[in-house]
Structure formats: structure tokens, C-alpha cells
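**Q** My questions all concern the structure below.
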Amino acid sequence: MKVRGAVLERMGVEPPYTVTQPLKIEEVELAPPGPGEVLVRIAAAGLCHSDLSVINGDRPRPTPMLLGHEAAGVVEETGPGVDDLKRGDPVVLVFVPSCGHCLPCAEGRPALCEPGAAANTAGTLLSGERRIARNGSPIHHHLGCSAFAEYAVVSRRSLVKIDPELPLDEAALFGCAVLTGVGAVVNTAKVSAGATVAVVGLGGVGLAALLGAVAAGASRIVAVDLAEDKLALAARLGATDTFNAGAPECVEQVRAATGGGVEYALEFAGSVRAMELAYRITRRGGTTVTAGLPPPTAALPLPLVNLVAEERTVKGSYIGTCVPARDIPRYMTLYRRGRLPVNRLVTGRLVLDEINEGFERLREGKAVRQLVVF
Ligand code: ZN
Ligand code: ZN
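Per the numbering used here, the sequence shown starts with residue 24, numbered consecutively.
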């Protein structure tokens, strides 16, 4: 079938994207779902920093690629062998498919699925196939999703069936921002009620983590960012303290305000500087978590002596150490009960043709979560 979608021709196109338009809205050919695959009518797809990192080349991927990895939609058609989903089922797309058989999958860590990661790197579905083409030449899938399009063919193992009660535009947020941010707090850091927490980097994922810290019952929630408007939003969402990372005394200020640092510091900015700051505001015996994705060459110099003498823990968190089929329904229940108001992260709704303008706003730091609504 013919569908309209946003195709990235090549990485590293110079901003402003309003002028250079790195994503072209084109009609592409979508093949029918193969064995174990599903055709999904996309309802909404979020603009995430990880899309931006492909556009600007920080996260190199094969091109041409149809972008978009945070989305929700409705099952339109199932391929051979898919017997647990049917036409009309609402679903959230998850950006690492889990094969169910590799060692991480067998250990209950599907976010680390090895064939899933290999397919994502190659720009294919879990089957190794590409179902998108233009004039007969294949286009790569983005993280098994390619959701900036009216329809997507994805692996069954990239989907979680959800409660039909939830509006699909809000459901889209659960595929990346919520899964990654809330998961970093509750799964990776395992923040306990009454603990002290800091969130460094207040994009969509960082602010979702902040809401997760509120839901987890953290007693003190320190928000750190370079932008004053993001700090103000963090305060409205439940941060107890806000600090500007640009202030020369930022680390000392946080340590003084929290009696020597926080028990859990989580970094979402994807920069070495932000991670160093997160490490320095973690207290003795505390845990520093990083979920920000820096460019592949970035390296972190750690003062090893306090790793030892202060029994520090440093942890990476990918998609919030999630088990999607367990976590997405849980977070949605919290959302419906008003305990995780992630709809407050949405700063705009766009049509597909406005997507370059949306990415320019994200690049400039003028947006938290924007949704393309179909
Ligand atoms: Zn994302
Ligand atoms: Zn696996």
C-alpha cells in the first residue's frame, strides 16, 4: 500500500530545519506484514531527542530511513503466525523488539535483546526484512518502528497491547518518554519511598523521570537544567528544589541543600558534563544513573577513589530497564489514577507536514514533547 511518511535522506543536514527540511514527507510503498509482523495504523507519534540525534548524526544510522519510534496506533492487519492480536486492538510501539530467546531475554531483560539491537543497528525489522520502499529501493526502519507515517509494519515483538480506554495520542508517550524516564527511577535506580533524588536534564524523558520520582514517593526531588523555563516547569510538576546547571556553584549548592548530595542522581542530558555533575551531586553510598545517550566517542573520567571509599554505584539505564508488557500497563494505570500526569509533558500537536518545524523547536529547547497526530 502507499503511505505518507517522513524520510531522512542523509544525516548531518545543517539547521535551521525550518529552512533545510531534513525530513521529506513522501509517499512510500509499504509491503504487507510478513510472518510474525503486524500492520499498524499510527494514531500519534512523539518527537524525541533520539530522532534528533539521528537527524544531526550524533547517533549514526543507515539512511534513507523513515524516522519515528515513540507511537501508538491500532492493529489493521496481522501477518502469518500472529494469533494474539486482532484488527482494532490498540497498541503501543516499543523501540527495541525482544526475540524472547537470547540470553538477556531469557534473563527477563528484554530491553537488552541482542537480535533486537542488531536489527535496530541494521535498520531492519526483527526478521531482518525491510518492508518500506521507494521506487523499488528499500528504506530503513527506525528502531523497528518508523512511526512518522500513516501506517507501519512492525514485528509483533515491537508491540504491547493496551487498554482501549486511553486516548492514543497520550498512549504514544508511554513507548519512549515514560518507559525510559519512569523506568530509570523505579527499575534501574529502584528509588524507595522517602529517598532523595536529582534529575539532571529536563527534556521529555527527564521530566517523565521527575514524575516517576513523585509517584515513587521521593521526599526531595532536585531538578537541574540549563534552561530556566524547564526548571519552572519541573517545579510545577513536583520538583522540591531547582538549580541552574550553568551556575558555577551548582554542585556546591545542591550538596549544601541536600546535606551532602542526593541518594539517587539520574542524568538525561546525554553529555559528559551533565553526567559529571550528576556524579558529583550523588551522596556517599549513593547511586548515579545515566540514561542520556551521548555521541559514541564520549568517555567519562571518574574519580575512582570515591567510587571505592564512598561505595558509589554508577548504572546505565536503557529504555528504563523495562519489561514492556509489564511496565506499560502499570504506568498507564498510574496515569489513569492521576499519579503520573504525563499528559502535562505535551507542549504541542502537529500534522506530519509540520514535522521539520517541530524538530527545530526541539533542537532549540523550546519544546518538551510534541506529537504528530494522524
Ligand atoms: Zn525516544
Ligand atoms: Zn532477545
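Even glycine gets a Cβ: it sits at the ideal position worked out from N, Cα and C.
According to DSSP, is residue 282 part of a helix, a strand, or is it coil?
**A** Residue 282 sits at position 259 when you count from the first residue of the sequence shown. Reduced to three states, the DSSP call for residue 282 is coil.
**Q** To which residues does DSSP link residue 53 through a beta bridge?
**A** Mapped onto the sequence shown, residue 53 falls at position 30. In DSSP, residue 53 forms a bridge with 155.
**Q** Within 10 angstroms of the Cβ of residue 398, are there 16 or more other Cβ atoms? Answer buried if so, exposed if not.
**A** Any question about residue 398 goes unanswered here, given that the chain covers just 24 to 397.
**Q** Taking any heavy atom of ligand 1 as the mark, which residues have a C-beta closer than 6 Å to it, listed down the chain?
**A** In chain order, the hits are 71, 73, 92, 93, 199.
**Q** What residue does the alpha helix (DSSP H) around residue 160 start on, and which one ends it?
**A** Taking the first residue of the sequence shown as position 1, residue 160 is located at position 137. From DSSP, residue 160 is part of no alpha helix (DSSP H) but of the beta strand (DSSP E) over 160-164.
**Q** Closer than 6 Å to a non-hydrogen atom of ligand 2 - does that hold for the CB of residue 122?
**A** For this step, residue 122 is matched to residue 99 along the sequence shown. Residue 122: yes, Cβ under 6 Å from ligand 2.
**Q** Looking at ligand 2, does it come within less than 6 Å of residue 345, judged from the CB to the closest heavy atom?
**A** Here residue 345 refers to the residue found at position 322 of the sequence shown. No, ligand 2 has no heavy atom inside 6 Å of this Cβ.
**Q** Which stretch, first to last residue, makes up the alpha helix (DSSP H) that contains residue 203?
**A** In the sequence shown, counting from the first residue as 1, residue 203 sits at position 180. Residues 200-206.
**Q** Using the Cα positions of residue 129 and residue 123, report the straight-line distance between them to the nearest angstrom.
**A** As a position in the sequence shown, residue 129 is number 106, starting the count at 1. As a position in the sequence shown, residue 123 is number 100, starting the count at 1. Approximately 7 Å, taken between the alpha carbons.
**Q** If contact is defined by three or more beta carbon pairs under 8 Å, each pair taking one atom from either stretch, is the segment 143-153 in contact with the segment 63-77?
**A** At 8 Å Cβ cutoff, the stretches do not touch.
**Q** Please report the distance separating the alpha-carbon of residue 133 from that of residue 108.
**A** Position 110 of the sequence shown holds residue 133. Position 85 of the sequence shown holds residue 108. Going by the C-alpha atoms only, they are around 20 Å apart.
**Q** Can you tell me where the beta strand (DSSP E) with residue 114 in it begins and where it stops?
**A** Locating residue 114 in the sequence shown gives position 91, where the first residue counts as 1. Note, residue 114: beta strand (DSSP E), 113-116.
**Q** Return yes when the C-beta of residue 125 is under 6 Å from any heavy atom of ligand 2, and no when it is not.
**A** For the purposes of this step, residue 125 is identified with residue 102 of the sequence shown, where counting begins at 1. Yes, the beta carbon of residue 125 sits closer than 6 Å to at least one heavy atom of ligand 2.
**Q** Measuring from the CB of residue 273, is there a heavy atom of ligand 2 at a distance below 6 Å?
**A** Mapped onto the sequence shown, residue 273 falls at position 250. No, Cβ of residue 273 sits at least 6 Å from all heavy atoms of ligand 2.
**Q** Taking C-alpha atoms, which residue in 189, 106, 74 lies nearest to residue 360?
**A** Taking the first residue of the sequence shown as 1, we reach residue 360 at position 337. Looking at the Cα atoms, 189 is the closest of the given residues.
**Q** Relative to the alpha-carbon of residue 58, which residue among 179, 93, 277, 265 has its alpha-carbon at the smallest distance?
**A** Working through the sequence shown from its first residue, we reach residue 58 at position 35. Here the closest residue by C-alpha is 179.
**Q** Go ahead and pull the three-state DSSP assignment for residue 351.
**A** Taking the sequence shown and counting its residues from 1, one reaches residue 351 at position 328. Helix.
**Q** Looking at chain C, is there any beta carbon in it that lies within less than 7 Å of the beta carbon of residue 74?
**A** Included in the structure is just one protein chain, with no chain C present.
**Q** Curious, which full-length beta strand (DSSP E) runs of at least 3 residues does the segment 232-319 contain?
**A** Here the runs fully enclosed are 243-248, 264-267, 285-290, 305-313.
**Q** Taking residue 284 as the reference, which of 292, 293, 306, 267 has the closest Cα?
**A** Taking the first residue of the sequence shown as position 1, residue 284 is located at position 261. That would be 306, whose Cα lies nearest to the Cα of residue 284.
**Q** Indicate whether the contact test is met: 3 or more Cβ pairs, each with one atom in the segment 380-397 and one in the segment 221-233, closer than 8 Å.
**A** Flag = yes, the segment 380-397 and the segment 221-233 touch.
**Q** In this structure, does DSSP put residue 60 in helix, strand or coil?
**A** Walking along the sequence shown from the start, residue 60 turns up at place 37. Strand at residue 60.
**Q** Below 8 Å on the Cβ atoms is my guess for residue 392 versus residue 69; work out the distance and round it to an integer in Å.
**A** Counting from 1 along the sequence shown, the entry for residue 392 is found at position 369. Counting from 1 along the sequence shown, the entry for residue 69 is found at position 46. About 6 Å separates the two Cβ atoms, so the contact holds.
**Q** What do you get for residue 311, buried or exposed, if any count of 16 or more other CB atoms within 10 angstroms of its CB means buried?
**A** Stepping through the sequence shown from its first residue, residue 311 is reached at position 288. Under this definition residue 311 is a buried residue.
**Q** Taking the alpha-carbon positions, what's the residue 86 to residue 31 distance?
**A** Position 63 of the sequence shown, counting from 1, holds the residue named residue 86. Position 8 of the sequence shown, counting from 1, holds the residue named residue 31. Roughly 7 Å between the two C-alpha positions.
**Q** Are residue 300 and residue 220 close, meaning C-beta to C-beta below 7 Å?
**A** Counting from 1 along the sequence shown, the entry for residue 300 is found at position 277. Counting from 1 along the sequence shown, the entry for residue 220 is found at position 197. In this structure, residue 220 does not lie closer than 7 Å to residue 300 by Cβ.
**Q** So, is residue 328 buried or exposed, given that buried needs 16 or more other C-beta atoms within 10 angstroms?
**A** Counting from 1 along the sequence shown, the entry for residue 328 is found at position 305. Exposed, by the Cβ-count rule.
**Q** Taking the alpha helix (DSSP H) that residue 172 belongs to, which residues open and close that run?
**A** Here residue 172 refers to the residue found at position 149 of the sequence shown. Unbroken run through residue 172: none, as it is neither H nor E.
**Q** CB-CB under 7 Å to residue 278, same chain, minus the five flanking residues each way: which ones, in chain order?
**A** Within the sequence shown, residue 278 is the residue found at index 255, counting from 1. Cβ within range, chain order: 284, 304.
**Q** Starting from the C-beta of residue 49, find all residues in its chain whose C-beta is less than 6 Å away, skip the five residues before and the five after it, and write them out in chain order.
**A** Translated into the one-based positions of the sequence shown, residue 49 becomes position 26. The residues are 30.
**Q** Excluding the 5 residues preceding and the 5 following residue 115 in the sequence, name in chain order all residues of the same chain whose CB lies nearer than 6 Å to its CB.
**A** Translated into the one-based positions of the sequence shown, residue 115 becomes position 92. So the qualifying residues of the chain are 95, 183, 185, 194, 197, 198, 351.
**Q** Do the CB positions of residue 53 and residue 155 come within less than 7 Å of each other?
**A** Along the sequence shown, read from residue 1 onward, the residue named residue 53 stands at position 30. Along the sequence shown, read from residue 1 onward, the residue named residue 155 stands at position 132. For residue 53 and residue 155, yes; Cβs fall inside 7 Å.
**Q** What do you reckon, is the C-beta of residue 168 under 6 Å from a heavy atom of ligand 4?
**A** For the structure depicted, ligand 4 is absent and the ligand set comprises only ligand 1 and ligand 2.
**Q** Using a Cβ-Cβ cut-off of 7 Å (strictly less than) and excluding sequence neighbours within five positions of residue 214, which residues of its own chain qualify?
**A** Taking the first residue of the sequence shown as position 1, residue 214 is located at position 191. Cβ neighbours of residue 214 beyond the five flanking positions: 208, 220, 236, 239, 241, 287.
**Q** Rounded to whole angstroms, what is the Cα-Cα separation between residue 323 and residue 113?
**A** Here residue 323 refers to the residue found at position 300 when the sequence shown is read from its first residue. Here residue 113 refers to the residue found at position 90 when the sequence shown is read from its first residue. Between residue 323 and residue 113, the C-alpha separation is close to 41 Å.
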